[in-house]
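Taking our numbering, the leading residue of the sequence shown gets 1275, the next gets one more, and so forth.
Okay, structure first, notes after.
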Amino acid sequence: MVVDRSAPPSRAQRALAAVQGHPREAIAEARKVLSGPANADERSTAERAVGLALLELCDLAGAVRHLHRAVRAAESATVAALARMSLGYALANAGRTAAALTAVSAALPQLSGVDAGRARMQRGVVRHYRGEFAEAVRDYSQAIEIAQRAGDGLLEARARNNRGLLNAHRGTDRGTDDLERAAALFAELGLPLAAADARWNDGVAAGQRGDVAAALRRFAEVDREHERLAVPRPALLLDRFELLLSVSLVGEATAVADTAVRELDRRGMASDLAEALLAQARAALVGGDLETAARAAAGARSRFRRQGRRTWAAFARRVELQARAGRDEPTPALLAALRRTARQLADTGWAGPALAVRIDAGRIATRLGRPSEAVELLGVAAQARRRGTAPRRAQGWYALALCRRLAGDERGAERALRRGLAVLDTYRAALGATELRAHTGGYGTELASEGLDIAVRTGLPDGVLDWAERGRASALRLRPVLPPRDPELAAALAELRMVSTALEDALLGDRPAQALRLSQARLEQRVRELTRTVPGLVAGDAAQPAGVPGLARELGDAVLVELVAHRGRLLAVLLRDGVCGLHDLGSLDEALRRTRLHRFGLRRVIATGDSAASRAGAEHTAAELDRQLFGPLRPWLADRPLVVVPIGALHGVAWAALPTCAGRPVTVAPSATSWLAARRRRAPDGPPVLVAGPRLAAARDEVDRLCRLLPGAVVLAGEQAGAARVTAAMDGAAVVHIAAHGRFRADSPQFSTLDLADGPLIAYEWERLSRPPGCMVLSACDAGRSAVRPGDEVMGFTAVLLALGTRTLISTVLPVPAELTTALVVDLHRRLRADDPPAMALADAQRTLAERGALAHATAAAFVCFGAG
């Protein structure tokens, strides 16, 4: 069939033109052609329209079926070639890349002009899938040139979108202009879905550049557009996975990968499914599940090889080998496989994965006693320190440090490690949300651990303290970022509060709650998205780790005990009167086991009361843990106040229950740097605020008794104790006391809650305070508990308040009985009113209450003083 370009488009051609903007309408129009009289080429064009529309709607099997029909139905060579071109695209999506390349390459000689440009673009897509990136860019570029000569905006937009996305994934800066131009062209052509996809790809490019907040904003915008257009886009889940994994949100990334696998498998999208299986493997690798990572990566690699995607197979092999390197003893065969995979990845433009494999290979070579081979591998990896995203540059500095250690240059290694951590500090400063900052703490773990190893081997306590601080709670060294007054976020939080309240009522009333659970999950995700898009800071906002002179001046007669994990041992750096000491406290695993038993013993006392068995068990576990943590330190402690900086797993210890700590002021801090900053911070002088939450009989009595101690206090109880009013009253208060039910969310600590009159107040909401209170007392179960992320980054109410600038937080790390709690906190506030420092006031109140028996002792010990003390 010879197409007359001057004639009006046929119905089949109109259906084809509607595919990307309105796929359902395109199918309906094409089926009208197929149901009536039409010549062979018209029927081929209609079948092609149906196939491409089904591809837009993620029905891959249907798309391939109809495109095969289009090839068979065609009479003219040109129409058959166009059908083969589209079939190749669908086959590439199905993972049949060899057949796809054959189909498109066979179509090219039959086409000219714009049609040849479209075929080149489709061949670029197939080569993109196969990992032949340089060849794909050439095809895309030729398609753009043809489109510009012919004035075909649609072809230009599609080719630019593909080239921009490919360059973004390769880590080059050339993709943004292409994507912006593609989105503008699609919009001009009246193709809102295609424009949305191009804007989504712009979000991908932002994520590749490390601009996480911009990527999240763009993804959220386009998500709403896709919902409005009612068109599924399951393959885009993989882009969301990449972004979540880039900021170490491993749990969420795993959930997204699992969803992608289910959806893509259900729709028969074999190519994207293989990538989703690889995503599962990568999430397992980061999460430390090496067995699952190796197994899943091997399965993904097998699929990629069947699909002819050698580059992707090499990527999967990289994950498999990294899992084996962490799990198995090093062997020459493993080293050879790592080297080979690094070369394959580097040759195909995947610099980031190649870098990680080279570092692993360098470490394996070191362990095998091949230093020259290790230096060669690490030297190549070290070149990454000068370009690319912040995590990649930090890896380059890490590789350089390993090189210098092999050469015996320990000081040079430390300089390289500090440079790498400085890069990560700047990166974290660009992440406005506290949650994102905390999760990215894991990026610096390897660098800080290497520096710590150097310091421990030299035996210098101040060096150990310095490196422990560089790798600990880095997010709290950053100046807090206040989120904007976002009405959308405020509305989402208010709706979440209502839904959460309705859910609790339904559960208590034994009524169906599935719909409310789904609404709660949806709203929590919306709140996450809105809070994560807060703009970050400029470079230089990260405070330097505290040094011995500054700490010594502020400590006075107190003693700092900073706990450090190193190669399976628990160490303690002790600072007293300006003098540092380093002590080995024994097995780390044993300390963790004793901590678990200690918490269990206290919980048992609180649950069962003053039974002899529970009391004896709690005393025994406390003595065992105390002996390990403080036995070697006791000669230096005397009766001085303590500042304790625990490792992550010990943040939940009830310190006052340990014999060494009982009766003395003990302050707990996520890091010595955060403690020093809190001590130097000026406290606000607004009136005290007292809050009584609902459904807690003792809360109102507790607040009434505190009123008599704190004249002029702002009292919020009953209907007055709503989240907005409580938050507003807290802003600038010198002291805030909240007596309410509390719930700690280990799965998502920023959604930990305190029950107020209009529903739960969420930890996220306190990030909106512009002048956080000076001293907070949370008389609520588990309010002081924290989740700990890599790098000993703490999350929960404690992290939010200390990050914002609250000097001191006194709260519980265990559930506690109401009556004894009231007695403790009233005594605590009486002592605070007499100007006793918070840690001293708490210690004296705990000692007084503990005299009432084992239950009172356990209740008192559950309270911990965090921050400045």
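Idealized CB from N, CA, C, for every residue including glycine.
Option nearest residue i by Cα separation, candidates the options
i       : options                            : result
Asp1621 : Phe2025, Val1345, Glu1501, Phe1589 : Phe1589
Val1965 : Ala1997, Val1940, Val1822          : Ala1997
Ala1291 : Ala1442, Gly1310, Gly1891, Leu1428 : Leu1428
Ala2142 : Ala1570, Ala1943, Leu1510          : Ala1943
Arg1317 : Ser1350, Glu1299, Leu1334          : Ser1350
Leu1829 : Ala1527, Glu1409, Thr1947          : Thr1947
Leu2098 : Val2138, Arg1579, Ala2007, Gly1960 : Val2138
Gly2079 : Arg2107, Asp2005, Ser1360          : Asp2005
Ala1380 : Arg1370, Thr1352, Val1388          : Thr1352
Arg1796 : Thr1941, Arg1285, Ala1494          : Ala1494
Leu2106 : Gly1718, Arg1575, Pro1962          : Pro1962
Val2010 : Gly1369, Ala1928, Arg1901, Ala1957 : Ala1957
Thr1869 : Gln1788, Arg1841, Gln1902, Arg1850 : Gln1902
Leu1510 : Val1530, Asp1831, Leu1781          : Val1530
Ala1504 : Arg1514, Gly1883, Ala1470          : Ala1470
Ala1664 : Arg1569, Gln1482, Ala1655          : Gln1482
Arg1343 : Asp1333, Leu1331, Ala1357          : Ala1357
DSSP state of residue i mapped onto helix, strand, coil
i       : result
Ile1633 : helix
His1872 : helix
Ile1301 : helix
Met1543 : coil
Cys2049 : strand
Gly1219 : Nothing about residue 1219 can be reported from this structure: the residues present for the chain run from 1275 to 2143 only.
Val1293 : coil
Leu2088 : coil
Cys1677 : helix
Thr1941 : strand
Thr2082 : strand
Arg1850 : strand
Cys1332 : coil
Residues near residue i by beta carbon distance below 6 Å, same chain, minus five either side
i       : result
Gln2120 : Ala1930, Ala2134
Ala1364 : Leu1329, Ala1337, Val1338, Leu1341
Val1812 : Its pLDDT being 41, under 50, Val1812 is placed unreliably in this model, and the coordinates cannot settle the point.
Gln1618 : Ala1588
Arg2017 : Thr2027
Gly1694 : Ala1668, Trp1671, Tyr1672, Leu1721
Ala1826 : Gly1852
Cβ neighbours of residue i in the same chain (closer than 8 Å, five flanking residues each side left out)
i       : result
Leu1608 : Leu1595, Arg1598, Ala1599, Asp1602, Ile1638
Glu1688 : Ala1675, Gly1725, Ile1728
Arg1843 : Asp1858, Leu1859, Gly1860, Ser1861, Leu1862
Arg1492 : Arg1473, Trp1474, Asp1476, Gly1477, Ala1480
Bridge-paired residues (DSSP) for residue i
i       : result
Asp1858 : Leu1845
Arg2017 : Thr2027
His1840 : Arg1843
Val1988 : Val1963
Cβ-based burial, residue i [other Cβ within 10 Å; buried from 16]
i       : result
Thr1895 : buried
Glu1254 : Outside the modelled stretch of the chain, which goes from 1275 to 2143, sits residue 1254, for which no answer is possible.
Val1853 : exposed
Pro1283 : exposed
Gly1783 : exposed
Ala1289 : buried
Gly1874 : It should be pointed out that residue 1874 corresponds to Phe in this sequence rather than to Gly. Under this definition Phe1874 is an exposed residue.
Asp2109 : exposed
Pro2034 : buried
Gln1818 : exposed
Gln1799 : exposed
Pro1786 : exposed
Leu2129 : buried
Phe2140 : buried
Gln1294 : buried
Ser1545 : buried
Leu1691 : buried
Thr1371 : buried
Residues near residue i by beta carbon distance below 7 Å, same chain, minus five either side
i       : result
Leu1459 : Gly1427, Glu1430, Ala1431
Thr1566 : Ala1558
Met1359 : Val1378, Ala1381, Arg1392, Ala1393, Gln1396
Gln1422 : Glu1430
Ala1995 : Val1965, Ala1966, Gly1967, Leu2030, Ala2031
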